[in-house]
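> After the structure tokens below, expect a handful of questions from me.
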Amino acid sequence: SPAMNLVEVPITDGGVKFGNSVVPVSREALTAAADRGDTTVTVGIRPEHFDIVEHGGAAAKSLTKDSSDAPAGLAVSVNVVEELGADGFVYGGAQVGGEHKDLVVRVGGRAVPEKG
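So that you can map any letter, position 100 of the sequence shown is 100 in the UniProt record's numbering, and since no number is skipped, the others follow by simple counting.
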């Protein structure tokens with residue numbers, strides 16, 4: 001299995017900003033980071049903890065919107081797909097915190113996305 005995705009993300013009010021989402025973080029952890037002067041933290045996301053939305057569907061199109069009503073999510077560009085029978089691994093990239101980040105996403109073997 002691929003390793004966990006480790007991504008540095010900016011701290012924001014109530015959590016950390018990941019794509020169009022604010023992931024909740026405990027008040028204690030945010031206070032500790034602020035006391036150290038940190039503006040970012042590193043989060044770990046397992047490849048199987050991503051959900052895929054249809055490219056070209058309403059949800060996927062709105063992931064690129066820069067507005068407050070955009071749904072929670074992250075637009076990922078697919079570079080390589082590794083098909084392993086019952087599972088597949090998508091190797092791609094996304095803009096997180098204004099920087100390009102490499103990500104690995106686990107998908108079902110029958111729901112493998114195309115490159116792009």
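Where a beta carbon is used, it is the ideal one built from N, C-alpha and C, also for glycine.
Taking all protein chains shown into account, do 16 or more other C-beta atoms lie within 10 angstroms of the C-beta of Asn-20, making it buried, or fewer, making it exposed?
One-based indexing of the sequence shown puts residue 20 at position 20. It is buried - the Cβ of Asn-20 has at least 16 other Cβ atoms within 10 Å.
> Give me the Cα-Cα distance between Val-16 and Gly-97, rounded to the nearest whole angstrom.
As a first step, residue 16 must be located in the sequence shown, where it is residue number 16. As a first step, residue 97 must be located in the sequence shown, where it is residue number 97. Cα to Cα, Val-16 sits roughly 10 Å from Gly-97.
> Does Gly-92 pass the burial test, meaning 16 or more other C-beta atoms within 10 Å, or should it be called exposed?
Taking the first residue of the sequence shown as position 1, residue 92 is located at position 92. Buried, because 16 or more other Cβ atoms sit within 10 Å of the Cβ of Gly-92.
> Work out the CA separation of Thr-39 and Asp-102 for me, nearest whole Å.
As a first step, residue 102 must be located in the sequence shown, where it is residue number 102. As a first step, residue 39 must be located in the sequence shown, where it is residue number 39. Roughly 21 Å separates the two Cα atoms.
> Should the region 27–44 be regarded as contacting the region 1–10, the criterion being three or more beta carbon pairs within less than 8 Å?
These segments touch.
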